[in-house]
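Under the working numbering, the sequence shown has 290 at position 290, and the numbering climbs by one with no breaks. Have a look at the structure below before the remarks.
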Amino acid sequence: MPESNDPLLVSPLGGRKAAPPAAADAAVLLLCLALLVFDLGSFGLYEPHEGHFAGVGREMVLTGEWVVPNLNGSPYLNKPPLMYWSIALSCAVFGISEWSARLPSAVFSWLGVVVAWYFARRLWGAQAGRLAAGMLSVSAGWFLFSHQAMIDPLLSMLVLWSLYLLWKCVRDPGPRRNWLALYLVLALSQMAKGPVALLFVLLAFGGVVVLRKRPKLILQAGAWWGLPLLCLPIFVWMWYVEQRVPGFLDHFFNNEIINRIRGTRWPPDFTVSAVGPVGYLLVTAVWCAPWALFLPQTTLFAWRGAFGKDDGETPEAQARRDGVLILALGVLGPATAFLPMSSRLIYYSLPAVPAFAVLAAGWWLSGEDRKEGKAWHTPAALLLAVGATVFSAGFWLRPFVETLPEMRTAPGTLELMPATAWTLGAAMLAASGFLFARRPRAAAAWMILLLAWAWMDGGEGFMRFEDVRASRRMVAELNPQLGPDCLWVAEGSKELGASAGIAFYLGADTRGLPRTVRVMDDDPRRPQPSFGLAPRDWAMTHAQLESLWMSPRPAVFVTDLMRRDFEHPEEEPLYYAEPNGAALRLLPLLGDPLPQMYGFRKVYLNPAARKRLEGK
């Protein structure tokens, strides 16, 4: 696309033709990849979410069952399979480990960076592409979720890719190949998360139709052939699973979609990540940090870029305006669509981050050639104030957070806070100085580099914090002494992913099949999920646990990682290590726990396991 000379819409090259992708672009993208894969395997799987996704992938590899997702030895059917397949493929190629379980998230995050780079480059030139790639890579939410085995980086990448393809279709709606590419990516989105990705793209498409007064796009989209195409893969998978697990379709559509929207999904095991409307918007800003500091300027830039006429009425100028409009709608969709829902979770807004990073890059470069000296004073002053506050937090923050239960259990995390705060603060202070000197490219470069350093250095906090949310150390210390025939029992946490995190480290049995963890299932306050008529081989009642405890088979009982009474959460503390619920009546029989604590967990051994641990 030819570049405009409009200072609001072009790269800082001031109208000079941008060079094709070359060494600078490759270097930036490779550095982004290095950042996003940095230290993936240095800490245990966080539970319940990482335990859930990594656990399903592990069982696909060990059992050879790749179509029906299984967790803890039984069908687990609350998500489509694309992310599970990605993790399973990584584990099959590289071996089962935390690194291989997280590798797909890091790769999908990097692919999102590549799409952001290309999208920004097409809109404003080579410099904007490189800046968008760097900004997205160091956005707080993007780095955080690139290091978690979760579905959200995959979904977010596919949403941004869909928005780019939608822009291509809007720019040139005639060729069917453009719409075909869009429908194929949307089909992948359905296999990743279901209808939610389609919702975001429909909001952007509808916005273009209405705001640009282009109803013909509805006919040009070819929905009569495109919608069946994008639905075909997910429908084939769902039909097959329904044949294997009768009742799955009813569960998926009614409980996982309709009831989730209504806030009546059962069991409500997602409440630990739920947040109110204001909190949801604040979390979205955190995921976009630090670039969210420039939300007013980026919003004004997007408005002027989408609806201004400063660059004339040429097809290229209109295409840029459409691209900015689609990106703005791509931010608004994830950031606002869930506000009316009661089951909004903190990571639902992550798909807004890539589109916002692209817009922020466009705004950042739009002011470089401005002649007025005060153009950068407001953002520079804001960075100065926030940077000074963050830098000073390295001296005064620790006393305020060290009393939190999580921090008392992971004191090593506190040691990293000062250095991380100083690096983050220094990044903002350095950028502020360069902006006051009207050198925005130098400001962006230093800020991105120092932020990358801060995230890599602070990433050690994942490892220091792992005892609070992971089972790696617990299983590593006990499993070799208790042996492969020892049966592990979990008290019954909010999600099966917590027990799956334990099972991930137990390895395989003598037949090469995945070892699993039994889960208590007769506490009415914390019921476990069911999926149609799928068997729940992991379920254990109080009577079964009592019988097991007195048997000659070694057994381990592990208290909850995180607990909540689903209906009355205020009556039960989140972090509470003593046995509760179904196991409370068994407390005299359990005996004393092991002296060592594993985060907020206590571990009990039956007599047979104690003898084995003591070497008798």
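A virtual CB, placed ideally from N, CA and C, is assigned to each residue, including glycine.
Determine, using beta-carbon pairs with one atom in the segment 352 to 365 and one in the segment 416 to 423, whether at least three such pairs fall under 8 Å.
-> No: the two stretches stay apart, fewer than three of their Cβ pairs being nearer than 8 Å.
Considering only the beta carbon of each residue, do serine 100 and leucine 36 sit closer than 8 Å? No, they are not a contact pair.
Q) CB proline 153 to CB glycine 112, shorter than 8 Å? A) Against a cut-off of 8 Å, the Cβ pair of glycine 112 and proline 153 comes out as a contact.
Would the beta-carbon of serine 109 fall within 8 Å of that of phenylalanine 145? Yes, they are a contact pair.
| Same chain, Cβ closer than 6 Å to tyrosine 604, five either side skipped, listed in chain order | So the list reads Phe557, Leu590 and Pro593, once near-sequence residues are dropped.
Give the straight-line distance between the Cα atoms of leucine 513 and lysine 79, rounded to the nearest whole angstrom. Approximately 23 Å, taken between the alpha carbons.
Could you say which of Pro379, Leu404, Thr409 and Ala470 lies nearest to alanine 431 if we only look at CA atoms? With distances taken between CA atoms, alanine 431 lies nearest to Pro379 out of Pro379, Leu404, Thr409 and Ala470.
Sequence ranges, alpha helix (DSSP H) only - wholly within the segment 89 to 158, length at least 4:
Uninterrupted alpha helix (DSSP H) stretches at least 4 residues long and entirely within the segment 89 to 158 occur at 98 to 124, 126 to 138 and 140 to 146, given in chain order.
| field | 8 Å Cβ shell around leucine 487 - same chain, five flanking residues per side excluded | value | Counting only Cβ-Cβ distances below 8 Å, and skipping sequence neighbours, we find Arg518, Leu548, Arg553, Pro554, Ala555 and Val556.
**Message:** I need the straight-line Cα distance from valine 201 to methionine 150, nearest angstrom please.
**Reply:** About 21 Å.
Could you pull out every residue in the same chain whose Cβ sits closer than 7 Å to the Cβ of leucine 89, ignoring the five residues on either side in sequence?
For leucine 89, where only same-chain residues beyond five positions count, there are no Cβ hits under 7 Å.
Cβ pair glycine 626, arginine 610 closer than 8 Å
The structure shown does not extend to residue 626, since the chain is modelled only from 1 to 616, so the question has no answer here.
Cβ pair count under 8 Å reaching 3, the segment 490 to 505 against the segment 60 to 74
Contact check between the segment 490 to 505 and the segment 60 to 74: three or more CB pairs, one atom from each, fall below 8 Å, which counts as touching.
Can you tell me where the alpha helix (DSSP H) holding threonine 456 begins and where it ends? Looking at the sequence provided, one finds methionine at residue 456 rather than threonine. Taken as a continuous stretch (DSSP letters only), the alpha helix (DSSP H) holding methionine 456 covers 440 to 458.
Q | Closer than 7 Å: glycine 615 CB and nearest the ligand GDP heavy atom | A | This structure lacks the ligand GDP, and indeed carries no ligand of any kind.
Taking the DSSP output, what are the residues bridged to tryptophan 549?
-> Note: tryptophan 549 sits in no beta bridge, so no partner.
Alpha carbon to alpha carbon, what distance is there between aspartate 523 and threonine 383? Position check: residue 383 holds leucine in this sequence, whereas threonine was assumed. Each residue's Cα considered, the two are about 51 Å apart.
State the DSSP-derived secondary structure class of phenylalanine 338, mapped to helix, strand or coil. Looking at phenylalanine 338 - three-state DSSP - the assignment turns out to be coil, as it is neither helix nor strand.
Assess, as a yes-or-no matter, whether the segment 441 to 452 is touched by the segment 390 to 397 under the definition of 3 or more beta carbon pairs within less than 8 Å. Because the criterion of three Cβ pairs below 8 Å is not met, the segment 390 to 397 and the segment 441 to 452 do not touch.
Taking just the CA atoms, how far does alanine 23 sit from leucine 62?
Using only the alpha carbons, I get a separation of about 42 Å.
Discussion item. Check whether the segment 256 to 263 and the segment 207 to 214 are in contact - that is, three or more C-beta pairs closer than 8 Å.
Written reply: Counting Cβ pairs under 8 Å, fewer than three are found: no touch.
Compute the Euclidean distance between the alpha carbons of serine 471 and leucine 45, then round it to the nearest angstrom.
Near 7 Å, if we compare the C-alpha coordinates of leucine 45 and serine 471.
Legend entry - Neighbourhood of glutamine 148 by C-beta distance below 8 Å, restricted to the same chain and skipping five residues each side: These residues qualify, in order along the chain: Tyr46, His49, Glu50, Arg102 and Ser105.
Looking at serine 349: is its Cβ nearer than 8 Å to the Cβ of threonine 284?
Taking 8 Å as the cut-off, the beta carbon of serine 349 is found closer than this to the beta carbon of threonine 284.
inquiry  = For a test of the three-state rule: what should DSSP assign to valine 519, helix, strand or coil?
reply    = Collapsing the DSSP output to three states places valine 519 in a strand.
- Element boundaries [beta strand (DSSP E), containing alanine 289]: Looking at the DSSP string, alanine 289 is not in any beta strand (DSSP E), and its letter there is neither H nor E.
Could you name the residues that DSSP lists as bridge partners for serine 74?
Note: serine 74 sits in a beta bridge opposite Leu71.
- DSSP three-state call for arginine 610: helix, strand or coil? Arginine 610: helix per DSSP, three-state reduction.
query = For alanine 470, does the three-state DSSP call read helix, strand or coil?
reply = Secondary structure at alanine 470: coil, using DSSP grouped into helix, strand and coil.
Note to self: Can you give me the C-alpha to C-alpha distance between serine 273 and alanine 437, rounded to a whole angstrom?
What the structure shows: So the two alpha carbons sit approximately 42 Å from each other.
- Find the nearest neighbour of valine 115 within the set Trp124, Ala132 and Gly125, judged by alpha-carbon distance. Nearest in C-alpha terms to valine 115, of all of Trp124, Ala132 and Gly125, is Ala132.
Query raised in the report: When the Cα of isoleucine 617 is compared with those of Ala306, Trp124 and Ala375, which residue comes out closest?
Result: One cannot answer for residue 617 here, as it falls past the ends of the chain, which runs 1 to 616.
- For alanine 275, which option in Ala181, Ala352 and Pro340 has the closest C-alpha, if you only look at C-alpha atoms? This sequence places valine at residue 275; alanine is not what is there. Considering only alpha carbons, the answer is Pro340.
Backbone secondary structure at tryptophan 266 - three-state DSSP
In the structure shown, tryptophan 266 sits in coil (DSSP, three-state: anything other than H, G, I, E or B).
- Message: Using CA atoms only, rank isn't needed, just tell me which of Gly129, Arg130, Met157 and Ala128 is closest to tryptophan 142.
- Response: Minimum Cα-Cα distance from tryptophan 142 among the listed residues Gly129, Arg130, Met157 and Ala128 corresponds to Met157.
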